[in-house]
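Scroll down for the structure; my scribbles are underneath it.
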Amino acid sequence: MTWNSLAGKPWFSATETNYHQTKNSLVAPYRFQEAFVSTNPPRALITGITGQDGSYLTEVLLEKGYQVHGLVRRSSTLERSRLKDLYRDPSVYEKSLFLHYADLDDPTTIRRVVGHVQPTEMYHLAGQSHVGLSFDIPESTCDLTAIGTLRILEILRDQPDPPRFLHASSREIFGTPTVSPQDESTAVNPNSPYGCAKAFATQMTRIYRESHGLFFCNAICFNHESPRRGENFVTRKITLAAARIKAGKQKQLALGDIEAARDWGYARDYVEAMWLMLQQDQPDDYVLATGISRTIKDLLEVAFSHVDLNWQDYVVTDERFRRPADACQLLGNPEKAKRVLGWEPGVSFEQLIRLMVDQDLHRVQRAE
Numbered sequence: 000m001t002w003n004s005l006a007g008k009p010w011f012s013a014t015e016t017n018y019h020q021t022k023n024s025l026v027a028p029y030r031f032q033e034a035f036v037s038t039n040p041p042r043a044l045i046t047g048i049t050g051q052d053g054s055y056l057t058e059v060l061l062e063k064g065y066q067v068h069g070l071v072r073r074s075s076t077l078e079r080s081r082l083k084d085l086y087r088d089p090s091v092y093e094k095s096l097f098l099h100y101a102d103l104d105d106p107t108t109i110r111r112v113v114g115h116v117q118p119t120e121m122y123h124l125a126g127q128s129h130v131g132l133s134f135d136i137p138e139s140t141c142d143l144t145a146i147g148t149l150r151i152l153e154i155l156r157d158q159p160d161p162p163r164f165l166h167a168s169s170r171e172i173f174g175t176p177t178v179s180p181q182d183e184s185t186a187v188n189p190n191s192p193y194g195c196a197k198a199f200a201t202q203m204t205r206i207y208r209e210s211h212g213l214f215f216c217n218a219i220c221f222n223h224e225s226p227r228r229g230e231n232f233v234t235r236k237i238t239l240a241a242a243r244i245k246a247g248k249q250k251q252l253a254l255g256d257i258e259a260a261r262d263w264g265y266a267r268d269y270v271e272a273m274w275l276m277l278q279q280d281q282p283d284d285y286v287l288a289t290g291i292s293r294t295i296k297d298l299l300e301v302a303f304s305h306v307d308l309n310w311q312d313y314v315v316t317d318e319r320f321r322r323p324a325d326a327c328q329l330l331g332n333p334e335k336a337k338r339v340l341g342w343e344p345g346v347s348f349e350q351l352i353r354l355m356v357d358q359d360l361h362r363v364q365r366a367e
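For the sequence shown, numbering that gives the first Met the number 0 begins at 0 and goes up steadily by one.
This is the structure:
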């Protein structure tokens with residue numbers, strides 16, 4: 000089988016001014032436009048385009064000259080999403096960026112979109128991504144994250160010229176590992192509904208690659224954060240609390256196990272690696288991580304010291320925030336990605352947390 004040629008030579012810089020206003024806060028209904036289907040530039044289709052990773056990936060691909068298509072749920076509100084700046088830009092929206100209604104439980108619509116867009120690359124980033132929440136809604140988590148991925152794999156397998164495909168997997172597939180650091184050969188042993196769903200999706204992606212000769216890859220992502228991270232994740236919970244406490248709008252912060260350690264990186268660095276994965280001669284799986292483990296206590300120290308506060312004066316422990324089967328130590332080994340892809344994380348842990356605190360300070364001040 001001959002893989003598609005996906006080199007994107009032209010570069011495109013999206014402006015962030017001259018926004019146009021729209022009365023409709025939702026994405027325009029899908030229209031079958033022949034105009035947006037062309038062989039040059041390359042076309043990318045992204046699920047989860049309004050999320051943290053999807054929004055950064057959209058920016059990266061537009062800068063590389065791609066035509067970007069995204070699947071959005073009917074409940075998505077673009078005016079309040081991470082894509083709002085691009086959505087408001089008349090030089091980008093419906094010129095280089097196109098959005099289409101489709102849910103992961105609606106394979107008929109996804110198949111129709113794939114058939115009309117004919118993507119050269121597809122990035123599957125969507126799913127229920129909160130580990131703690133997966134214990135409360137395990138069935139929904141598995142349907143969206145596991146079966147939703149299987150539906151997409153089947154749709155792509157049936158295409159006359161299947162696109163290169165990347166599934167955003169997770170370090171949660173390793174559960175509580177017996178070896179450290181973890182790499183692509185580490186045993187899969189999840190200990191959460193989310194981890195189980197991701198393990199299924201990861202293994203199915205491998206099976207379709209090996210059984211059908213398709214260019215399908217897994218990006219096994221360790222924790223990656225940014226100012227666009229949702230407030231229900233511990234990193235944003237901490238950086239937002241530091242900003243609010245500094246502004247006198249919050250008195251304390253309740254957390255679970257502050258000794259829990261994670262390998263935290265910057266989301267934009269990770270989506271750059273995802274793109275690199277689909278530019279290789281052969282499909283493969285890669286661990287995306289920094290190779291450095293930090294505790295939540297370390298995160299607290301960087302975040303609160305950045306606003307000249309002592310975190311110990313404000314943080315209390317609350318057992319309600321300890322999730323079941325919490326994995327205490329997780330550390331990724333990104334050597335394969337560095338060696339094969341030539342990828343290196345560009346933003347340090349300290350830089351990342353300070354960036355997040357600064358953005359939250361701006362948000363708090365703007366809300367006053």
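For each residue, glycine too, the CB sits at the ideal point set by N, CA and C.
- Between leucine 56 and phenylalanine 221, the beta carbon gap of about 17 Å keeps them out of contact (Cβ cut-off 8 Å).
- In this structure, the beta-carbon distance from alanine 288 to aspartate 262 falls below 7 Å.
- Pairing arginine 235 with arginine 228 gives a Cβ-Cβ distance under 7 Å.
- Of all alpha-carbon atoms in Leu239, Tyr269 and Leu85, the one lying nearest the alpha-carbon of tyrosine 122 is that of Tyr269.
- Going by C-alpha positions, proline 189 is about 30 Å away from glutamate 300.
- Contact annotation: alanine 253 and valine 306 have beta-carbon atoms that are not nearer than 7 Å.
- Per DSSP, isoleucine 291 lies in no beta strand (DSSP E) and is assigned neither H nor E.
- Collapsing the DSSP output to three states places alanine 101 in coil.
- When the five nearest sequence neighbours on each side are left out, the beta carbons in the same chain lying within less than 6 Å of the beta carbon of isoleucine 172 are those of Val187, Pro189, Gly194, Lys197, Ala198 and Thr201, in order along the chain.
- Each of Pro162, Thr107 and Ala125 was checked against the Cα of glycine 69, and the nearest Cα belongs to Ala125.
- Taking one beta carbon from each stretch, the stretch 163-180 and the stretch 307-323 have fewer than 3 pairs nearer than 8 Å; the two do not touch.
- If you compare the alpha carbons of Asp105, His99 and Gln127 with that of histidine 115, the shortest gap goes to His99.
- For arginine 110, the closest alpha carbon among the candidates Gln51, Gln249 and Pro162 is that of Pro162.
- In its chain, beyond the 5 residues on either side, Ala272, Leu275, Met276, Gln279 and Tyr285 have a beta carbon closer than 8 Å to the beta carbon of leucine 340.
- Taking C-beta atoms as the reference points, threonine 294 and glutamate 334 fail to come closer than 7 Å.
- The C-beta distance from phenylalanine 164 to phenylalanine 232 rounds to 26 Å, too long to fall under 8 Å, and the pair is not in contact.
- For a cut-off of 8 Å, the C-beta gap from leucine 44 to proline 118 is around 4 Å, short enough to register as a contact.
- The C-beta distance from valine 363 to lysine 248 rounds to 7 Å, short enough to meet the 8 Å contact threshold.
- Put simply, of Arg42, Arg72 and Pro176 the residue whose alpha carbon is nearest the alpha carbon of leucine 103 is Arg72.
- Assigned with DSSP and collapsed to three states, arginine 42 falls in strand.
- Rounded to whole angstroms, the separation of the alpha carbons of threonine 49 and tyrosine 92 is 14 Å.
- For proline 192, the CB contacts under 7 Å within the same chain, skipping 5 residues up- and downstream, are Ser133, Phe134, Pro137, Thr140 and Cys141 in chain order.
- Burial state of glycine 212 is exposed, judged by a 10 Å Cβ sphere holding fewer than 16 other Cβ atoms.
- Excluding residues up to 5 positions away in sequence, His211 lie with their Cβ nearer than 6 Å to the Cβ of arginine 156 in the same chain.
- Note on proline 282: 16 or more other CB atoms within 10 angstroms of its CB, so buried under the neighbour-count rule.
- Where phenylalanine 348 is concerned, the enclosing alpha helix (DSSP H) starts and stops at 348-366.
- Relative to aspartate 256, the option among Leu298, Tyr207 and Leu82 whose CA is nearest is Leu298.
- Residue state for glutamate 153 is assigned as helix, using DSSP reduced to three classes.
- In the DSSP assignment, alanine 218 falls within the beta strand (DSSP E) that extends over 215-220.
- Boundaries of the alpha helix (DSSP H) around leucine 60: 51-62.
- An exposed status is given to glutamate 343, since fewer than 16 other beta-carbon atoms sit within 10 Å of its beta-carbon.
- Following the DSSP letters along the chain, one finds histidine 211 inside the alpha helix (DSSP H) bounded by residues 192-211.
- Separation of the CB atoms of glutamine 127 and threonine 144 is rounded to 6 Å, and the pair is thereby assigned contact status at 8 Å.
- Beta-bridge partners assigned by DSSP to glycine 69: Ile45 and Leu98.
- In the DSSP annotation of this structure, the continuous segment of the beta strand (DSSP E) that includes histidine 166 starts and ends at 163-169.
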